[in-house]
Amino acid sequence: MTSLKQLEQQKAELDLKITQSMEMLKKMDLDLEHARLRQKAIEQGTTEIMAVMEKYNLTQEDIFPSNTPRIGMIKHKESQTLAEMRQYFNRR
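Below, the structure written as structure tokens:
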């Protein structure tokens, strides 16, 4: 049969586990609340950015230009001139 001391020790261990679980739960709740606030701020910022884009008729490319060269957008005559310039300077 278990003695009173063993039962008290088991109770103390269980109380410790309960306390640790409650602390973990509080931390998780706090982390979840921070994540909700962060998501709300992101959504609000996105809405404001979209409103500015619409107001000034901007595209995503206007705000975040890509680093890729726009060779396809050069007119044919200009691209020929550029090719001639490259040939000229590469021969030197």
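Letter by letter, the sequence shown follows residues 1260 to 1351 of the numbering used here.
For each residue, glycine too, the CB sits at the ideal point set by N, CA and C.
message = To test your reading of the DSSP string, which unbroken alpha helix (DSSP H) runs of 4 or more residues are found completely within the segment 1262-1306?
response = none
request  = State the Cα-Cα distance for the pair Q1268 and I1308, rounded to the nearest angstrom.
outcome  = Here the question's residue 1268 lines up with position 9 in the sequence shown. Here the question's residue 1308 lines up with position 49 in the sequence shown. Answer to the nearest angstrom: the Cα atoms are 60 angstroms apart.
key: Simplified DSSP state of N1349, which is helix, strand or coil   = Locating residue 1349 in the sequence shown gives position 90, counting from the first residue. Here N1349 sits in helix by DSSP.
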